[in-house]
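S.K.: I have a structure here, written as structure tokens, and I will follow up with some questions on it.
Numbering (UniProt numbering), first residue to last: 1 to 143.
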């Protein structure tokens, strides 16, 4: 992304350079919070949280539905495990100090279980980061 002070040729050269490396660059035409991917992804992550908090579906089914429907490698809660809970918690609390999901994240952070880096978040992981299954706290009866 360039600015109004960036020579357009520099942007073009960087775009071409990224393509030459086999990447698929996108041109962000105007600076915005979260750029493109996060602006698309955050509402979907929030929808997954709402489904969970409202008791509509459990974490595993929300993630499974997302993966099967979109072909994405991970669902919302698997994504949160990769991001780690601290930045997600900080953002949610900044927007709403009483955020229900932030309370769940804080409990997990305080327990040292804030995602793949800790070996457990919403899911448990082995030392290589391979998913082993839902964290015990999120396993529902009969599943």
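Cβ coordinates follow ideal geometry from the N, Cα and C atoms, glycine included. Quick caveat, the model's predicted, so the values are computed rather than measured.
Could you pull out every residue in the same chain whose Cβ sits closer than 7 Å to the Cβ of residue 84, ignoring the five residues on either side in sequence?
M.R.: In chain order, 114, 115, 117 place their CB closer than 7 Å to the CB of residue 84, counting only its own chain and leaving out the 5 sequence neighbours on each side.
S.K.: Within 10 Å of its beta-carbon, does residue 17 have 16 or more other beta-carbons around it, so buried, or fewer, so exposed?
M.R.: exposed
S.K.: By how many angstroms is the C-alpha of residue 99 removed from the C-alpha of residue 93?
M.R.: Distance from the CA atom of residue 93 to the CA atom of residue 99, rounded to whole angstroms, is 6 Å.
S.K.: Verify the contact flag: residue 43, CB atom, against every heavy atom of the ligand HEM, threshold strictly below 6 Å.
M.R.: Summarising the ligand content, the structure contains no ligands, and the ligand HEM is consequently not present.
S.K.: Do residue 123 and residue 134 have their CB atoms nearer than 7 Å?
M.R.: yes
S.K.: Secondary structure at residue 105, three-state DSSP: helix, strand or coil?
M.R.: helix
S.K.: Enumerate in chain order the residues of its own chain whose CB-to-CB distance from residue 132 is below 8 Å, with the five nearest sequence positions on each side excluded.
M.R.: Once the five neighbours on either side are set aside, the close Cβ partners of residue 132 are 123, 124, 125, 126.
S.K.: Give the single residue among 4, 5, 29 whose Cα lies nearest to the Cα of residue 15.
M.R.: When each option's Cα is compared against that of residue 15, the closest is 29.
S.K.: Using C-beta distances below 6 Å, list every residue in its chain close to residue 119, excluding the 5 sequence neighbours before and after it, in chain order.
M.R.: For residue 119, where only same-chain residues beyond five positions count, the Cβ hits under 6 Å are 125.
S.K.: For residue 54, which of helix, strand or coil comes out of DSSP?
M.R.: coil
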